[in-house]
């Protein structure tokens, strides 16, 4: 990097984080901190919450109060309910995606974390390719909650050597994708609500 060169900080990005009532608030905190630690961008955070009890919601608000929000806006919260308590992540992610007002949108489950240069890399890929989506590499990690550290990283999602293996092995986990929403027609989005 050249001396005195100013790196332009990208602020036109939203990270949508899914969380449900059975989730662990401390693990959610790690996910949010990994978003706040992003190099070269200041993402908005949109929390998509499913069936949170009043106690859990208060615990969530208390946890959010402990975080260093200086240049960040506090998260926007969208509440979702399912009568039968079933997983409605498709509805949560798709409806949250529609509400995001930024050009770039990424997803993160509450129990995932991202490397601190992930969004910078993905945004640059979208700018270079002028495509509506790009994908990053994903590792599965073993997390020791008592010591609050990752003890092992595993290459779980492989590309393979042929097109057939690419389709079989690479499943594109939701947190590996970033979208350029300016290139997506929201009215054409269809998804399974269950």
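In this note's numbering, the protein residues as written are 56 to 249. Idealized CB from N, CA, C, for every residue including glycine.
- With a cutoff of 8 Å on beta-carbon distance, residue 151 and residue 191 are scored as not near each other.
- Annotation for residue 169: 89 place their beta carbon closer than 6 Å to its own, counting only its chain and skipping 5 residues before and after.
- The Cβ atoms of residue 107 and residue 76 lie closer than 8 Å to each other.
- Rounded to the nearest whole angstrom, the C-alpha separation of residue 163 and residue 241 is 20 Å.
- A direct Cα-Cα distance of roughly 8 Å separates residue 68 from residue 96.
- Residue 134 has its alpha-carbon roughly 17 Å from the corresponding atom of residue 79.
- For residue 165, the number of other beta carbons within 10 angstroms of its own is at least 16, and it is reported as buried.
- Looking at the backbone, the Cα of residue 239 and that of residue 201 are separated by about 42 Å.
- Relative to the Cα of residue 185, the nearest Cα in the group 172, 94 and 233 belongs to 233.
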